[in-house]
Amino acid sequence: MLQRSLPLTIAAIVILFLAFFNLTHYPITWFDEGSHLHVPKTLVRYGVYADYSSEGFRHYGPTIGIGPTIMLPIAAAFQFFGIGLLQARLVMVLYLLATIYVFYRLAEGLGGTRLAWVATALLVTSRGISLIEYGRQVLGEVPGLLFVVAGLALWFATWERSSWQRLAAVGLLLGLAMVTKHQYLLVLAPTLGLAWLANLNYYRTAPQRLFIVPGIIAFFCFALWQGYLILYLGPATASENLAMFRQFTSGAALVLSPQLMERGLRELLSLNVYMGWLVPVLAYGFILALPRQKEGQRWGYFVDAGGS
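Going by this note's numbering, the first residue of the sequence shown is number 5, and it counts up by one from there.
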């Protein structure tokens, strides 16, 4: 018993140290984090979900960068404990710790304790992910990852008991990931679509509702938040709000430029990310996904997500 609990205790101490030590000084706060902090600060002081400057309220900008799943908990922390960087980053650390724990449980369910230890260690220490660095800041990557991992864990658990309530919860979690950080839409949309097609034409091991219900609810959650941003959050009419919304989101199209995508692909294949092991790991995952069984189908989703 002691031999099993000692490594877990040491790992927990190390993770807690990495998560909390020198929290307000590392990483040094920068423009994106500072702009995100304006929204919960404005909400607490003025009761308006917006950025605030000498020009007045700015309803579109930081409110689009990350979702209410981050802004509202930080606003609650500001309301009860005062406004400050420490209060905001403590909220983010809770997301970080929850992400590590849920990821461990997901990996354990897929391949046992040994796989869970290795996968979690790679998640925490990989320079290509920088989980600790991102997780200590007011950014959307780590909270979004939490919702994705939690959604996948619940999704895989529903295969044996695929009730409508469980499938709806899966869709809600995946939808919250999209709302938290819009870039997750670019990953989850093709992943869900390809997973459904793979089951329909290749695996044929699961009922179609296992894919259709979570997909519909996830995209409904995302569309509902976008509609709220345009119809109710802005200060003007819906058409004027839509014009402002398009203006502030126009820069996001640059992310899809061929030049940036090519540069990103070269970076992923370089030795700087996973020490060059990304392609071999995806190839091995593809082999694991070949059997037309439940286990192979689950691994196929991870290969699908990795390719997306």
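We put the CB at the ideal spot given by N, CA and C, even for glycine.
Around the Cβ of F226, a 10 Å sphere holds 16 or more other Cβ atoms; the residue is buried. Note on I17: under 16 other CB atoms within 10 angstroms of its CB, so exposed under the neighbour-count rule. About 20 Å separates the beta carbons of V152 and A125, which is beyond the 8 Å limit, so they are not a contact pair. In this structure the stretch 213 to 229 touches the stretch 158 to 177; the number of beta carbon pairs closer than 8 Å is three or more. Within the stretch 57 to 85, the runs of alpha helix (DSSP H) that reach at least 4 residues and sit entirely inside it are, in chain order, 66 to 69 and 72 to 85. Judged by beta-carbon spacing, H42 lies beyond the 8 Å limit of Y64, meaning their Cβ atoms are not closer than that value.
A distance below 6 Å between beta-carbons, with the five flanking residues on each side excluded, links S39 to the following residues of its chain, in chain order: P66.
Around the beta carbon of L286, fewer than 16 other beta carbons lie within 10 angstroms, which makes this residue exposed.
Less than 8 Å separates the beta-carbon of A23 from that of V97.
Looking only at R93, I78, L228 and L149, the smallest Cα-Cα distance to Y108 is reached by L149. Here D55 is bridged, per DSSP, to R62.
Sixteen is the threshold: when 16 or more other Cβ atoms of the shown chains lie within 10 Å of the Cβ of T46, as they do, the residue is buried. Around the beta carbon of L119, a 10 Å sphere encloses fewer than 16 other beta carbons of the protein chains shown; the residue is thus reported as exposed.
Rounded to whole angstroms, T184 and V52 show a C-alpha spacing of 19 Å. For V142, there is no enclosing alpha helix (DSSP H), as DSSP marks it with neither H nor E. The alpha-carbon separation between L12 and L90 amounts to approximately 28 Å. In its chain, beyond the 5 residues on either side, N203 have a beta carbon closer than 6 Å to the beta carbon of A210.
Take G115, set aside five residues on each side of it, and no residue of its chain has a beta-carbon closer than 7 Å to its own. In the three-state reduction of the DSSP assignment, P295 falls in the coil class, being assigned neither a helical nor a strand state. Looking at the backbone, the Cα of L10 and that of T73 are separated by about 35 Å.
Looking only at Y50, G69 and V174, the smallest Cα-Cα distance to F35 is reached by G69. Judged by beta-carbon spacing, L76 lies beyond the 8 Å limit of V146, meaning their Cβ atoms are not closer than that value. The Cβ atoms of G144 and V174 do not sit closer than 8 Å to each other. The DSSP-derived three-state label of Y30 is coil. The criterion of a C-beta distance shorter than 8 Å is satisfied by A79 and V48. When the Cα atoms are used, W229 and F223 turn out to be separated by approximately 10 Å. When secondary structure is reduced to three states using DSSP, S39 falls in the helix class.
For G289, the three-state secondary structure derived from DSSP is helix.
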